[in-house]
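**Q** At the far end of the sequence shown sits residue 606, using this note's numbering, and the numbering has no gaps. The beta carbon of each residue, even a glycine, is placed where N, CA and C say it ideally should be. Please see the structure below; I have some questions.
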Amino acid sequence: EKAIMGFDVLLTPSTPTPAPRDLTTTGNAMFQSPWTACGFPTITVPSGLSASGLPLGTQLASAPYAENTLLASAHWCEQVLDFTLMPPV
């Protein structure tokens with residue numbers, strides 16, 4: 518809890534690498550595991566595409582019971598990043 522004291526949210530990459538190309542793994546959870554183990558709420562917002570066209574995410578974490586702040590911060594990030602990925606029609 519000391520890591521987040523004094524901050525509304527902490528922002529990290531969702532994963533250390535872009536999304537896997539196949540479905541054999543969900544990727545490396547090294548950025549999610551500490552928050553999950555401590556019971557801290559997190560949310561991931563899409564933030565862009567890698568050079569190879571795979572999705573990238575930005576993860577926000579907040580203190581327990583600060584979900585309103587977390588959701589408001591995630592909404593703000595989505596507006597600022599203005600990233601949308603629409604499938605071709």
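If I measure Cβ to Cβ from proline 537 and keep anything under 7 Å in the same chain, skipping five residues before and after, which residues do I get?
**A** The sequence position of residue 537 within the sequence shown is 20, counting from 1. Once the five neighbours on either side are set aside, the close Cβ partners of proline 537 are Gly544.
**Q** Under the assumption that serine 564 contacts leucine 571 (Cβ atoms under 8 Å), give the Cβ distance between them as a whole number of angstroms.
**A** Here residue 564 is taken as the residue at index 47 of the sequence shown, counted from 1. Here residue 571 is taken as the residue at index 54 of the sequence shown, counted from 1. That pair is no contact at about 12 Å.
**Q** Looking at threonine 575: is its Cβ nearer than 8 Å to the Cβ of threonine 561?
**A** Residue mapping note: residue 575 aligns to position 58 of the sequence shown, counting from 1. Residue mapping note: residue 561 aligns to position 44 of the sequence shown, counting from 1. Their beta carbons are under 8 Å apart, which means threonine 575 touches threonine 561 by this criterion.
**Q** Where does tryptophan 593 land, buried or exposed, given buried means 16+ other C-beta within 10 angstroms?
**A** Here residue 593 refers to the residue found at position 76 when the sequence shown is read from its first residue. The residue in question, tryptophan 593, is exposed, as its Cβ has fewer than 16 Cβ neighbours within 10 Å.
**Q** Nearest-angstrom Cα distance between alanine 583 and proline 558?
**A** Here residue 583 corresponds to residue number 66 of the sequence shown, with the count starting at 1. Here residue 558 corresponds to residue number 41 of the sequence shown, with the count starting at 1. Rounded to whole angstroms, alanine 583 to proline 558 spans 8 Å at the Cα level.
**Q** Starting from the C-beta of glutamate 595, find all residues in its chain whose C-beta is less than 6 Å away, skip the five residues before and the five after it, and write them out in chain order.
**A** The residue given as residue 595 occupies position 78 in the sequence shown. For glutamate 595, where only same-chain residues beyond five positions count, the Cβ hits under 6 Å are Val562.
**Q** Within the continuous alpha helix (DSSP H) that includes alanine 589, where are the two ends?
**A** Position 72 of the sequence shown, counting from 1, holds the residue named residue 589. It spans 584-598 - the alpha helix (DSSP H) in which alanine 589 sits, taken as one unbroken run.
**Q** Between which two residues does the alpha helix (DSSP H) holding alanine 578 run?
**A** Taking the first residue of the sequence shown as position 1, residue 578 is located at position 61. Looking at the DSSP string, alanine 578 is not in any alpha helix (DSSP H); the run it does join, the beta strand (DSSP E), is 572-578.
**Q** Helix, strand or coil for proline 530, going by three-state DSSP, please let me know.
**A** Indexing the sequence shown from 1 puts residue 530 at position 13. DSSP places proline 530 in strand when its eight states are reduced to three.
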